[in-house]
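Residue numbers (the numbering used here), protein chains in the order written: chain C, 317 to 538; chain L, 3 to 280. Here the structure is laid out as structure tokens; the discussion comes afterwards.
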Amino acid sequence: MTDFWSTVGSGEFARIVLLSLGVSLSATGLSIVLGLPMGAALAVFRFRGRRFLIVFINALLGLPPVVVGLALYLVLSRAGPFGALRLLFTPGAMVLAQTVLATPIVAALVHRAVADLWDDYGGALRVDGATALRSIPTLVAMARMRIVTAALAGFGRTISEVGAILVVGGNIAGYTRTMTTAIALETSKGNLSLALGLGFVLIGISVAVSATVFALGAEERR
Amino acid sequence: MTALRHLAALLVGVLFATSGDGAHAQSQAIVMASTTSLQDSGLLDVLLPKFTAETGVSIRVIAQGTGQALATAARGDADIVLVHDPEAEDKFIAEGHGGERRQIAWNDFVIVGPAADPAHVAGGHDALAALRTIAAAHASFVSRGDKSGTDALEKRLWRAVGRQPSLASGDNWYRDIGGGMGAALNAAAGMSAYTLSDRGTWLSFGNKADLKIVIEGDPGLINRYDVILLDPKKHPDAKLEPARRLRDWLVSETGQAAIGAYVKQGQTLFHPSAAQPK
């Protein structure tokens with residue numbers, strides 16, 4: 317256990333936790349920016365290919381992280397088309413990978429939430445003279461708690477993910493090492509109890525983030 | 003909407019905090035593609051901070067199997083490589099990806115296995131004879147199967163034995179796990195199997211369970227670590243100047259002394275050998 321406490325008490329560990337939170341919260345934020353309008357638009361607009369897009373986005377819920385990592389690796393590598401950006405093995409590449417993973421989750425869950433409300437209240441909104449586009453803010457406001465759940469689902473995917481960020485981040489000490497890649501590393505060093513201890517810290521952080529978001533929601537309802 | 007707005011503000015803050023950090027640290031850092039054995043043994047954690055303190059150049063280590071590390075460098079995604087598979091290195095250099103190879107240290111490989119020693123090979127110094135016996139006894143053997151330096155040596159040893167075991171040919175005692183050194187040791191510990199390990203990783207490994215060294219001291223089990231610079235013609239983007247400083251430091255008296263001073267459980271893990279390559 318001395319291993320565990322000296323690791324958790326170190327400045328390096330604080331950086332690892334901050335990077336984990338920074339990367340996954342950034343990716344969650346971007347996935348909301350992208351997924352929220354996408355999901356809402358799929359719920360209220362009727363256009364050619366809409367059904368296909370809905371099926372497609374729902375299929376992406378099962379996107380394998382290691383494949384996303386590999387594809388981004390090839391794209392971001394200096395030998396790849398976006399090599400000049402020099403993003404490979406940086407936190408930016410990790411945010412990108414996790415955004416790709418989280419966006420379909422947010423979009424699919426927002427779509428479901430908004431589509432249900434649009435079925436129930438769409439008629440009434442249109443009687444009041446609102447177009448589909450103008451109904452979106454109202455519907456999003458009504459669906460806000462389910463949208464928060466969508467955001468948390470996206471966050472859950474990103475904070476726990478290791479396959480994609482290991483490939484594009486490289487698990488560089490002090491730079492791209494996160495909670496999950498540190499756990500994988502300690503496991504490979506045979507420090508199993510330390511790895512498990514870090515796992516519990518990760519779960520604790522995840523619970524704390526969810527609790528904070530729900531506390532904010534409760535405060536709002538008062 | 004307050005909850006969402008709070009959340010959005012938090013996210014934007016965090017995004018700026020992380021991206022700022024990344025751009026700032028970019029200038030004085032090079033990427034080194036290296037092996038899991040050097041990382042898992044802890045050598046790089048004590049070695050590289052000394053170099054960084056002296057020069058201000060920070061080193062970002064990507065720890066992969068030697069095969070993958072050389073492939074990473076060949077794609078232009080690293081500035082310097084530090085690996086341990088002479089044959090794969092020859093190919094890398096022959097293809098024009100790099101050169102100016104220098105050996106920095108050596109240690110040796112060992113065969114570890116369960117204390118019960120079902121194949122009765124413990125105590126020997128002949129790796130080929132041990133592998134022959136293990137194969138004949140159908141005792142479980144874990145293979146890295148990841149084209150790392152250790153994996154390459156294991157395959158060479160089997161070639162010398164004249165028998166490449168594989169699941170396809172019915173050798174279900176031969177377990178190809180496709181993972182790093184630590185993963186292979188975890189697997190061997192879990193299934194009471196034999197495996198080939200570099201001594202550095204073995205000594206610092208924390209989950210030995212009932213595994214112990216069964217074969218050591220075979221001259222064929224020597225393990226050489228070489229540093230290679232990227233070729234500026236093929237890889238003009240590689241940061242050659244700071245990479246050369248690192249290479250020169252590793253083979254310098256200071257660097258060699260630092261390598262030799264790394265001790266675990268009273269044993270020297272890596273013997274500096276820049277002056278007299280093995």
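Cβ coordinates follow ideal geometry from the N, Cα and C atoms, glycine included. Keep in mind that this is a model prediction, so the values were computed, not measured.
Just to confirm the assignment, what range does the alpha helix (DSSP H) spanning residue i have?
{"i": "L/Y196", "result": "Taken as a continuous stretch (DSSP letters only), L/Y196 belongs to no alpha helix (DSSP H), being part of the beta strand (DSSP E) at Y196 to D200."}
{"i": "L/A55", "result": "L45 to T57"}
{"i": "C/I463", "result": "R460 to I475"}
{"i": "C/I488", "result": "Run containing C/I488: none; DSSP gives neither H nor E here."}
{"i": "C/T496", "result": "M495 to S504"}
Counting only beta-carbon separations shorter than 7 Å, does residue i have a partner in chain A?
{"i": "L/R62", "result": "Protein chains C and L are contained in the structure displayed, whereas chain A is not."}
Determine the DSSP secondary structure at residue i, reduced to helix, strand or coil.
{"i": "L/F94", "result": "helix"}
{"i": "C/D319", "result": "helix"}
{"i": "L/A190", "result": "helix"}
{"i": "L/Q70", "result": "helix"}
{"i": "L/P221", "result": "helix"}
{"i": "C/A527", "result": "helix"}
{"i": "L/R146", "result": "coil"}
{"i": "L/R165", "result": "coil"}
{"i": "L/D153", "result": "helix"}
{"i": "L/R226", "result": "strand"}
{"i": "C/S347", "result": "helix"}
{"i": "C/V330", "result": "Sequence check: residue 330 of chain C is Ala here, not Val. DSSP places C/A330 in helix when its eight states are reduced to three."}
{"i": "C/A480", "result": "helix"}
{"i": "L/G126", "result": "strand"}
{"i": "L/R62", "result": "strand"}
{"i": "L/H26", "result": "Because the pLDDT at L/H26 is just 42, under 50, the model does not fix this residue reliably, and the value given afterwards should be weighed accordingly. DSSP places L/H26 in helix when its eight states are reduced to three."}
Since residue i is in the beta strand (DSSP E), which residue starts that stretch and which ends it?
{"i": "L/D250", "result": "Segment L242 to V253 is the alpha helix (DSSP H) holding L/D250; no beta strand (DSSP E) there."}
{"i": "L/Y176", "result": "Y176 to D178"}
{"i": "L/G101", "result": "G100 to P116"}
{"i": "L/I136", "result": "Counting along the chain, L/I136 falls outside any beta strand (DSSP E), though it belongs to the alpha helix (DSSP H) covering A129 to A139."}
{"i": "L/L271", "result": "Unbroken run through L/L271: none, as it is neither H nor E."}
{"i": "L/T37", "result": "A31 to T37"}
{"i": "L/I82", "result": "I82 to V85"}
Using only CA atoms, which one of the options lies nearest to residue i?
{"i": "L/S145", "options": "L/E243, L/G182, L/L223 and L/I82", "result": "L/G182"}
{"i": "L/A118", "options": "L/K214, L/A138 and L/A185", "result": "L/K214"}
{"i": "L/L252", "options": "L/Q30, L/D42, L/V48 and L/S39", "result": "L/V48"}
{"i": "C/A467", "options": "C/I348, C/L455 and C/G490", "result": "C/I348"}
{"i": "L/T54", "options": "L/A211, L/R247 and L/L130", "result": "L/R247"}
{"i": "C/G506", "options": "L/V33, L/T38, L/P234 and L/V85", "result": "L/T38"}
{"i": "C/L455", "options": "C/Y437, C/L358 and C/F471", "result": "C/Y437"}
{"i": "C/F370", "options": "C/S336, C/M354, C/F329 and C/L390", "result": "In the sequence under discussion, the amino acid at residue 370 of chain C is Ile, which differs from the Phe named in the question. Among C/S336, C/M354, C/F329 and C/L390, the Cα nearest to that of C/I370 belongs to C/M354."}
{"i": "L/A141", "options": "L/Y264, L/G115 and L/W160", "result": "L/G115"}
{"i": "L/V216", "options": "L/Q258, L/D228, L/I113 and L/L84", "result": "L/I113"}
{"i": "L/A211", "options": "L/L45, L/G78, L/A190 and L/N225", "result": "L/A190"}
{"i": "C/R402", "options": "L/A276, L/D239 and L/Y264", "result": "L/D239"}
{"i": "L/R161", "options": "L/V63, L/R134, L/S171 and L/W108", "result": "L/R134"}
{"i": "L/S43", "options": "L/L271, L/S275 and L/Q278", "result": "L/L271"}
{"i": "C/T465", "options": "C/V422, C/T494, C/T503 and C/A440", "result": "C/V422"}
{"i": "C/D435", "options": "C/G408, C/L482, C/R362 and C/L352", "result": "C/R362"}
{"i": "C/S393", "options": "C/G486, C/W321 and C/L358", "result": "C/G486"}
{"i": "L/D128", "options": "L/S275, L/V163 and L/R177", "result": "L/V163"}
{"i": "L/H99", "options": "L/Y196, L/G126, L/E156 and L/A71", "result": "L/A71"}
{"i": "L/G2", "options": "L/K236, L/L242, L/L205 and L/K280", "result": "The structure shown has nothing for residue 2 of chain L, since chain L only spans 3 to 280."}
{"i": "L/R226", "options": "L/T57, L/T68 and L/I61", "result": "L/T68"}
{"i": "C/T415", "options": "C/A387, C/L346 and C/L532", "result": "C/L346"}
{"i": "C/G479", "options": "C/M461, C/G327, C/G490 and C/A498", "result": "C/A498"}
{"i": "L/A65", "options": "L/T197, L/Y176 and L/L45", "result": "L/L45"}
{"i": "C/V484", "options": "L/K52, L/T74 and L/A277", "result": "L/T74"}
{"i": "L/I230", "options": "L/A276, L/Y196 and L/A195", "result": "L/A276"}
{"i": "L/H122", "options": "L/S36, L/A137, L/D110 and L/N109", "result": "L/A137"}
Practice problem: Give, in chain order, every residue of the stretch 432-464 of chain C whose Cβ lies closer than 9 Å to some Cβ of chain L. | Solution: V456, A457, R460, M461, I463 and V464
Alpha helix (DSSP H) runs contained entirely in the stretch 349-423 of chain C, provided each spans 4 or more residues: Taking only runs of at least 4 residues, the alpha helix (DSSP H) segments lying wholly in the stretch 349-423 of chain C are 366-375 and 381-392.
Notebook entry, point to check: What residues from the stretch 491-524 of chain C come within 9 Å of chain L, judged by C-beta to C-beta, listed N to C?
Noted result: Y491, T492, L501, E502, T503, S504, K505, G506, N507, L508, S509 and L510
Could you run through the stretch 78-89 of chain L and flag, in chain order, every residue whose CB is less than 8 Å away from some CB of chain C? Within the stretch 78-89 of chain L, those residues whose Cβ lies closer than 8 Å to any Cβ of chain C are, in chain order, G78 and D79.
**OP:** Could you please tell me which residues of the stretch 372-395 of chain C, in chain order, have their CB closer than 8 Å to any CB of chain L?
**Re:** S393, R394 and A395
- Item | Within 7 Å of chain C by C-beta, residues of the stretch 170-198 of chain L in sequence order | G182, G184, A185, L187 and N188
At a Cβ cut of 8 Å, what residues of the stretch 204-220 of chain L count as close to chain C, listed as they run along the chain? S206, F207, G208, N209 and K210
- Query: the stretch 122-133 of chain L: which residues have C-beta closer than 9 Å to a C-beta of chain C, in chain order?
  - Reply: Going along the stretch 122-133 of chain L in chain order, one finds no residue with a Cβ nearer than 9 Å to chain C.
Along the stretch 476-489 of chain C, where does the CB come closer than 8 Å to a CB of chain L? Name the residues. G486, N487, I488 and A489
Using a Cβ-Cβ cut-off of less than 7 Å, list which residues of the stretch 239-253 of chain L approach chain C; keep chain order.
D239
When you check each C-beta in the stretch 400-413 of chain C against every C-beta of chain L, which residues fall closer than 7 Å? L404, F405, T406, P407 and G408
Residues from the stretch 92-125 of chain L in contact with chain C, defined by Cβ distance under 9 Å: Those would be none; no residue qualifies.
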